[in-house]
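In the numbering used here, the protein residues as written are 739 to 1119.
Now the structure itself:
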């Protein structure tokens, strides 16, 4: 075993997830795992830290080779070195893509509910958010294709910002769905930007499909940060096949001043992609068991909750509309009385997320069960 689910004390380390929470609160909110990083990554960082100078960093050949090799063998996606632009994170990359591909006042389409930074990144670049609300078919969220096409047909809509796999609903889009998105966007001259930061976090029975293997014109944003729990090392990539578009993206990266990596990010990426594949497979197995434990507990003790199917990510999307009219107040109560920090669905769409909450299950199973037991004690008393 390379992966370990042993508890790691994170309080007092300047940790956003834990140190922003009051003492005694179990934080299951921000998308950050409580698991120790893969041993090869820790060793690579240790070796780099032994050198006494941490100056400006030059990204070397092994960085590009690791990215190319990983996606070829893991996902059948052939990336050319010249198509890779590195930057400090997927959110900065998203902001750069919007800046490069839109004019202020244009509309950027998203599938709502959606990752909260999609809303802010669009607005911060002077554009408007256009929401195509996902529809629930049984227990599965699907694209409302008529609405999606109608919004793409809007002359002010120039970019479709995709989350693949989807945060917060946990969908892993199929190749057929991605192809249909591409076909519609092509018909209406809408550029696709695909955030694929969760691409390695895929549950049994599902397969991640990179958008660029369906549509070579798509701009893809990815990073090992979420899957390998190294977000603090601030390394991400923009993959773009078109030279003219890539020049605009590169210019936006420099305008936004997110063009330099720190000394530890590149060595961590190389160790993740070259030496830590066993760790990610073992992690996914543990996450799946956490998800099943969550579902079993809810079925037995919180039957008014409905846990949506988890196809990808470690973020469980839960329908609590039978229990509350306002999910923000409901989560406030859980925080106040159960001392468990969950995210209200309205973070991901004020209307589309109402009645849902999001639970980060990437923690030791004992901690997850303690949090659920606390919630049960409050809600079922």
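C-beta: ideal position from N, C-alpha, C; glycine also. Owing to the predicted nature of the structure, the values given are computational and were not obtained by experimental measurement.
Are residue i and residue j closer than 9 Å when you measure CB to CB?
| i | j | result |
| --- | --- | --- |
| residue 1081 | residue 1052 | no |
| residue 933 | residue 987 | no |
| residue 997 | residue 825 | yes |
| residue 1092 | residue 1064 | yes |
| residue 771 | residue 967 | yes |
| residue 1061 | residue 1045 | no |
| residue 849 | residue 901 | yes |
| residue 776 | residue 1014 | yes |
| residue 823 | residue 977 | yes |
| residue 1105 | residue 759 | no |
| residue 961 | residue 1021 | no |
| residue 1040 | residue 1113 | yes |
| residue 893 | residue 1090 | no |
| residue 941 | residue 881 | no |
| residue 916 | residue 1036 | no |
| residue 887 | residue 865 | no |
For residue i, write down the residues that DSSP places opposite it in a beta bridge.
| i | result |
| --- | --- |
| residue 931 | 899, 957 |
| residue 1082 | 1095 |
| residue 741 | According to DSSP, which records beta bridges pairwise, residue 741 is partnered with nothing at all. |
| residue 873 | 880 |
| residue 848 | 869 |
| residue 974 | 825 |
| residue 764 | 1078 |
| residue 1044 | 1057 |
| residue 1050 | 940 |
What are the start and end residues of the beta strand (DSSP E) that includes residue i?
| i | result |
| --- | --- |
| residue 1055 | 1053-1057 |
| residue 1111 | It is not in any beta strand (DSSP E) - residue 1111 instead sits in the alpha helix (DSSP H) that spans 1103-1117. |
Starting from the Cα of residue i, find the closest Cα among the options and give me that residue.
| i | options | result |
| --- | --- | --- |
| residue 783 | 1001, 983, 1032 | 1001 |
| residue 914 | 952, 1003, 956, 998 | 952 |
| residue 833 | 974, 965, 1011 | 974 |
| residue 860 | 1061, 889, 829 | 829 |
| residue 956 | 883, 821, 743, 740 | 821 |
| residue 1094 | 916, 855, 962, 1042 | 1042 |
| residue 856 | 1087, 1111, 1116 | 1087 |
| residue 994 | 1059, 779, 1116, 863 | 863 |
| residue 910 | 883, 1057, 879 | 879 |
| residue 814 | 949, 1021, 1059 | 949 |
| residue 972 | 1110, 912, 1004 | 1004 |
| residue 793 | 883, 810, 754, 999 | 999 |
| residue 1058 | 1050, 1084, 1049, 1074 | 1084 |
| residue 757 | 1079, 976, 779, 977 | 1079 |
| residue 812 | 946, 964, 741 | 946 |
| residue 1100 | 818, 800, 1114, 939 | 939 |
| residue 854 | 907, 748, 840 | 907 |
| residue 798 | 873, 1036, 1007 | 1007 |
| residue 753 | 873, 970, 1069, 1023 | 970 |
| residue 1069 | 748, 819, 930, 1116 | 1116 |
| residue 851 | 831, 912, 874 | 874 |
| residue 800 | 790, 819, 785 | 819 |
Which whole-angstrom value is the C-beta distance of residue i and residue j, which I expect to be below 8 Å?
| i | j | result |
| --- | --- | --- |
| residue 990 | residue 838 | 4 Å |
| residue 1096 | residue 1055 | 6 Å |
| residue 1108 | residue 806 | Not really, about 42 Å apart at Cβ, beyond 8 Å. |
| residue 871 | residue 846 | Their Cβ separation, rounded to whole angstroms, is 15 Å, which puts residue 871 and residue 846 out of contact at 8 Å. |
| residue 769 | residue 959 | Actually they are not in contact, since the Cβ atoms of residue 769 and residue 959 sit about 15 Å apart, beyond 8 Å. |
| residue 773 | residue 743 | 6 Å |
| residue 1017 | residue 741 | 5 Å |
| residue 890 | residue 926 | 4 Å |
| residue 983 | residue 954 | Their Cβ separation, rounded to whole angstroms, is 11 Å, which puts residue 983 and residue 954 out of contact at 8 Å. |
| residue 936 | residue 827 | Their Cβ separation, rounded to whole angstroms, is 14 Å, which puts residue 936 and residue 827 out of contact at 8 Å. |
| residue 766 | residue 1098 | 5 Å |
| residue 779 | residue 981 | That pair is no contact at about 33 Å. |
| residue 808 | residue 1011 | 4 Å |
| residue 897 | residue 840 | 6 Å |
Counting along the chain, where does the alpha helix (DSSP H) carrying residue i start and finish?
| i | result |
| --- | --- |
| residue 1029 | 1015-1039 |
| residue 801 | 799-813 |
| residue 921 | 913-925 |
| residue 755 | 754-757 |
| residue 1068 | 1065-1071 |
| residue 781 | 777-788 |
| residue 986 | 981-993 |
Contact criterion: CB-CB distance below 9 Å. Does residue i meet it with respect to chain C?
| i | result |
| --- | --- |
| residue 846 | This model lacks chain C altogether; it includes just one protein chain. |
Under the criterion of a Cβ to heavy atom distance below 8 Å, does residue i qualify as lining the ligand MG?
| i | result |
| --- | --- |
| residue 1117 | Questions concerning the ligand MG fall outside what the structure shown contains, since it holds no ligand whatsoever. |
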